[in-house]
Amino acid sequence: MKLKSAYLQAYGKFINKKLEFGPNINLIYGDNEGGKSTIAEFIFAMFYGQKKYGVKRRIYTPIHSFNRPWSHPLYQGILTYSLNKEEFRIERNFHNDFEEIKIYNLRGEDITNNYKFDSRMESEFFKEQIGLNERIFKNTIYLSQNDMEGSLYSNKENLLKEILAQTIYGVEVDQGEKTIGEAIAQLEKSKRDIGTINNKNKPLGRSYQLLRENLEIKYQIENKMDQDGQYRQSLKEIEDKKNKLIEKKSKLNIYKNHLNNQEIKRKIDLIENLIIQIKEIEEYIKENFDHNIKENSLEDIKIKRIKNQKRIKTLIGLIIGWIFLGGATLIWALIATKLIYQGPILLAIIIFLIQNIIRLKSLTKNNEILFNQLEATGKYQDAYYELKYLQEKQEDEIGEFSLDQLKKKIQPLEGDIDFSNIDADANTVDIMLRQLENELIQLNNEKIALNVRIEENNWEPDRLEQVELDINNLKNTIEDLEEQVEAIDIAIATLKEIESSGNSQWLPPLIKKTQENIYKITKKYHTIKIDEESQIKTLDPLTEKLVPIDQLSKGTFNQFYFALRISMIQGISPLPIKLAIILDEPFINFDNKRFEESMNLLKELSQDHQILIFSSQARERAYLDKNNWNYNYIEL
Numbered sequence: 254m255k256l257k258s259a260y261l262q263a264y265g266k267f268i269n270k271k272l273e274f275g276p277n278i279n280l281i282y283g284d285n286e287g288g289k290s291t292i293a294e295f296i297f298a299m300f301y302g303q304k305k306y307g308v309k310r311r312i313y314t315p316i317h318s319f320n321r322p323w324s325h326p327l328y329q330g331i332l333t334y335s336l337n338k339e340e341f342r343i344e345r346n347f348h349n350d351f352e353e354i355k356i357y358n359l360r361g362e363d364i365t366n367n368y369k370f371d372s373r374m375e376s377e378f379f380k381e382q383i384g385l386n387e388r389i390f391k392n393t394i395y396l397s398q399n400d401m402e403g404s405l406y407s408n409k410e411n412l413l414k415e416i417l418a419q420t421i422y423g424v425e426v427d428q429g430e431k432t433i434g435e436a437i438a439q440l441e442k443s444k445r446d447i448g449t450i451n452n453k454n455k456p457l458g459r460s461y462q463l464l465r466e467n468l469e470i471k472y473q474i475e476n477k478m479d480q481d482g483q484y485r486q487s488l489k490e491i492e493d494k495k496n497k498l499i500e501k502k503s504k505l506n507i508y509k510n511h512l513n514n515q516e517i518k519r520k521i522d523l524i525e526n527l528i529i530q531i532k533e534i535e536e537y538i539k540e541n542f543d544h545n546i547k548e549n550s551l552e553d554i555k556i557k558r559i560k561n562q563k564r565i566k567t568l569i570g571l572i573i574g575w576i577f578l579g580g581a582t583l584i585w586a587l588i589a590t591k592l593i594y595q596g597p598i599l600l601a602i603i604i605f606l607i608q609n610i611i612r613l614k615s616l617t618k619n620n621e622i623l624f625n626q627l628e629a630t631g632k633y634q635d636a637y638y639e640l641k642y643l644q645e646k647q648e649d650e651i652g653e654f655s656l657d658q659l660k661k662k663i664q665p666l667e668g669d670i671d672f673s674n675i676d677a678d679a680n681t682v683d684i685m686l687r688q689l690e691n692e693l694i695q696l697n698n699e700k701i702a703l704n705v706r707i708e709e710n711n712w713e714p715d716r717l718e719q720v721e722l723d724i725n726n727l728k729n730t731i732e733d734l735e736e737q738v739e740a741i742d743i744a745i746a747t748l749k750e751i752e753s754s755g756n757s758q759w760l761p762p763l764i765k766k767t768q769e770n771i772y773k774i775t776k777k778y779h780t781i782k783i784d785e786e787s788q789i790k791t792l793d794p795l796t797e798k799l800v801p802i803d804q805l806s807k808g809t810f811n812q813f814y815f816a817l818r819i820s821m822i823q824g825i826s827p828l829p830i831k832l833a834i835i836l837d838e839p840f841i842n843f844d845n846k847r848f849e850e851s852m853n854l855l856k857e858l859s860q861d862h863q864i865l866i867f868s869s870q871a872r873e874r875a876y877l878d879k880n881n882w883n884y885n886y887i888e889l
C-alpha cells in the first residue's frame, strides 16, 4: 500500500493544499501547530470517515467539528493511493449537509457501491481492502507522539496487553488484568456499574430519572414562560391603549384650550367693544349735557313742571274770570248812564289782565324750559343708564381678571392641529375628558393586576437556561453511557471470539519480527519471551537471564515499544499487504544513537513499506541528507 497524493481542498487550516508522496521515505516537516497532525487526521478520515467507531448510530467524533474550516464553506478533499498494483482515488465531502464518498479505480470507474456500508452509513471499502477496521488501523499503523513520549510507560508491566487490547482486541484493557477472561469479567462489571434505564441506583437509570425530572421542570417553566409572555403581551396592549387614550386626551385638552382661547378672545373682543361704547357714551354725555342737567334728577324736573302747569292753569282761570268780569263791567257801562265807577273798574281789570297775561307768558316759557330740561334729562339718564349697563357688563365679563390678564391667559397651541373631526362644545369636551380619565384609571388597575400576576408567576429565564443546560448534559451523559454499554457489548463479543480462537496464530510471527527489529536498533537484545501472563521478557546478554522489559531504562523500554509496534505493522493485516507506516514525532525522546539505529531500521523497512515521518525537528532531514538517502521532503 502506497499513498500517492493528498488534496486538502478545505480541511482544518488548509485550503487547496496539495501533497505528493514518494514510494519509500517521506519526511513531512512543520513547526509545532503547523498542521502535521491535521495531515495525519486527514489521511485517516479519508479512509474511515469521522464517525465514532463501535456504535450503530451516526455520531461524529470531536475531530469532525475541530477540523471544519472556519473561513470556507467547503469541507472536503481527495486522496489517491495504490494497493495490490491497483490505484484508487477517494473523494470525500465531510460537510454534514452534503456528506458523500466516491471511490474510483485507475480507469475512472465509480466503484463506491462495490463495498458495503455499515449502520453508521460509513463505507467499509478500506476495511475490505486491507482487512483491518479503523480502530486497529489507527492504533497500529499510526504511531503518535503521545505513544513515543511514554504514555504507556506507566503501565509498562502490561505493555503487551495494552498493545493487544488496542489493536487485536479493539478495546482498552485496564492496568493489572492478566487474562482475557478477567478482561471480559471486568467489562461485564463495568456494564453492571453503568446499570439499566430502570435502575435508579446506577448512573444510567439515575440519569434517566434526573432527565425526566428536569423535563418536567422545564415543562413547568415553559408554561410559566408562556403565561409570562401572555401577561406581558396584555401589558403591551394595555400600554398601547393607554398611549392612544393619552394621545386622545392630550388632543382633547388642546381642543379645550382652543375653546378656552376662543372664549377668552370673544370676551376680549366684547370687552374692548364695550370700552369703545363706554367711551363714546361718556363723550356724548360730556358734549351734550351741562352740569345742571347732570345734577337735576328727572323726578325733580317733572315735579317742577307739574307745579308750573298748575300755576298756568290757575292763572288761565283767573284771566278768564277777569275777562268775564271785564265784559260784565263793559256791559254795565254801556247800559248805565253814569260812568263814575265803571271806568276805574274797567281800567283796573285791564291792568290786572295785562299783568296776568304777562305772568302767564312767563309761566308758559318756564314750562317750555322745564319740558326741554325734562327731555334733555331723559336723554342724559338714558345715556347714563346705558353707560352704567355697559360698565356693569364689562365688569361681569372681566370678572376677577383685568383685560391684560385675560390676554395673558391665552395659551399657545402646539403644532398645527386639525380640529375638523371634533364637533363639541366645552361641556361636551369636559364629559369626554372625564370618560377618558375613567378609562385610564381602569387600564392602570388592569396593569397593576397583571404586574401582580407576573410577580406571582415568578418566571426565571436564568433557571430555564440552567435547566436546559442540565438536560443537555444529562442527554450527553446518557448518550455516553449508552455508547459505553454498546462498546462494551462489542468488546465482550470480540474478546470472547478471541478467547475461543487463542493466541497461537499471531504470537509466534510477532515475537520473531520483534526480535529482529529490537536487535537492529539496540545491537544488544535479540531474544524475547512471552510468559503465560503475557509479560514480555528479554535475555540480558551479560547475565544471560530473562529480564522483564519493564525493569529496563525508559529509553530502552521505548525502543522495545517501537520495535513491537513496527513488528505488528509488518504482520497485523490478515492479507498479504505491505502497509504504510505513519510516525508522528517518533524519536522525540530518543538520544542520537537510538535515533540513528531506529532510522536505519526504517530505511530497511522502506524497501517494502512506505514510511511517513511527521517531524518538527531538523535532525531527521540532516541524517537523511548526511547518508544520501533517497527520500521525499514536504514542508508545510
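The opening residue of the sequence shown carries number 254 in my numbering; numbering runs sequentially from there.
We treat Cβ as the ideally placed atom computed from N, Cα and C, and that holds for glycine.
- Restricting attention to alpha helix (DSSP H) runs no shorter than 4 residues, the region 309-351 encloses them at 315-319, ordered along the chain.
- Taken in chain order, the whole beta strand (DSSP E) runs of length 3 or more contained in the region 436-497 number zero.
- Annotation for Thr393: the continuous alpha helix (DSSP H) segment containing it runs 387-393.
- In the three-state reduction of the DSSP assignment, Glu888 falls in the strand class, which pools E and B.
- When the five nearest sequence neighbours on each side are left out, the beta carbons in the same chain lying within less than 7 Å of the beta carbon of Met374 are those of Arg311, in order along the chain.
- Cβ contact annotation for Gln647 (same chain, cutoff 8 Å, sequence separation greater than five): Ile524, Leu527, Ile528, Ile531, in chain order.
- Under the three-state reduction of DSSP, Lys777 is assigned to coil, being neither helix nor strand.
- Contact between Phe813 and Ile802 holds: CB atoms are separated by about 5 Å, below the 8 Å threshold.
- About 7 Å separates the beta carbons of Ile331 and Gln262, which is inside the 8 Å limit, making them a contact pair.
- Met254 and Leu280 have their C-alpha atoms roughly 17 Å apart.
- Under DSSP, Asn358 forms a beta bridge with Phe341.
- Uninterrupted alpha helix (DSSP H) stretches at least 4 residues long and entirely within the region 275-305 occur at 289-301, given in chain order.
- In the DSSP assignment, Asn842 falls outside any alpha helix (DSSP H) and carries neither an H nor an E.
- Counting only runs of at least 4 residues, the region 799-836 fully encloses the following alpha helix (DSSP H) elements, listed from N- to C-terminal order: 807-824.
- Between the region 707-727 and the region 490-506 there are fewer than three C-beta pairs closer than 8 Å, too few to call the two in contact.
- Judged by DSSP secondary structure, Leu689 falls outside any beta strand (DSSP E) and instead within the alpha helix (DSSP H) spanning 679-710.
- Note that the C-beta distance between Ile835 and Leu385 is not below 8 Å.
- In the three-state reduction of the DSSP assignment, Ser851 falls in the helix class.
- CA-CA distance, Asp493 to Ser487, rounds to 10 Å.
- Ranked by Cα distance from Gly808, the first of Ile572, Ile491, Phe848, Asn513 is Phe848.
- Burial is judged here by how many other beta carbons sit within 10 angstroms of a residue's own beta carbon; Phe370 has fewer than 16 and is exposed.
- In the three-state reduction of the DSSP assignment, Asn513 falls in the helix class, which pools H, G and I.
- Proximity to Gln483 across Gln768, Arg706, Lys518 peaks at Arg706, based on C-alpha coordinates.
- Around the Cβ of Ser372, a 10 Å sphere holds fewer than 16 other Cβ atoms; the residue is exposed.
- Annotated three-state conformation of Ile866 is strand, per DSSP.
- With fewer than 16 other Cβ atoms from the protein chains shown falling within 10 Å of its own Cβ, Ile684 counts as exposed.
- By the criterion of at least three beta-carbon pairs nearer than 8 Å, the region 864-880 is in contact with the region 838-855.
- Scanning its chain for C-beta atoms nearer than 6 Å, with the 5 sequence neighbours on each side dropped, one finds around Phe378 the residues Ile356, Tyr368, in chain order.
- The beta carbon of Asp522 is closer than 6 Å to none in its chain, skipping five residues each way along the sequence.
- With contacts defined by Cβ atoms closer than 8 Å, Ile866 and Tyr461 do not form a contacting pair.
- The secondary-structure analysis by DSSP pairs Leu256 across a beta bridge with Tyr334.
- Rounded to the nearest whole angstrom, the CA to CA distance from Glu466 to Thr393 is 45 Å.
- CA-CA distance, Leu795 to Tyr778, rounds to 10 Å.
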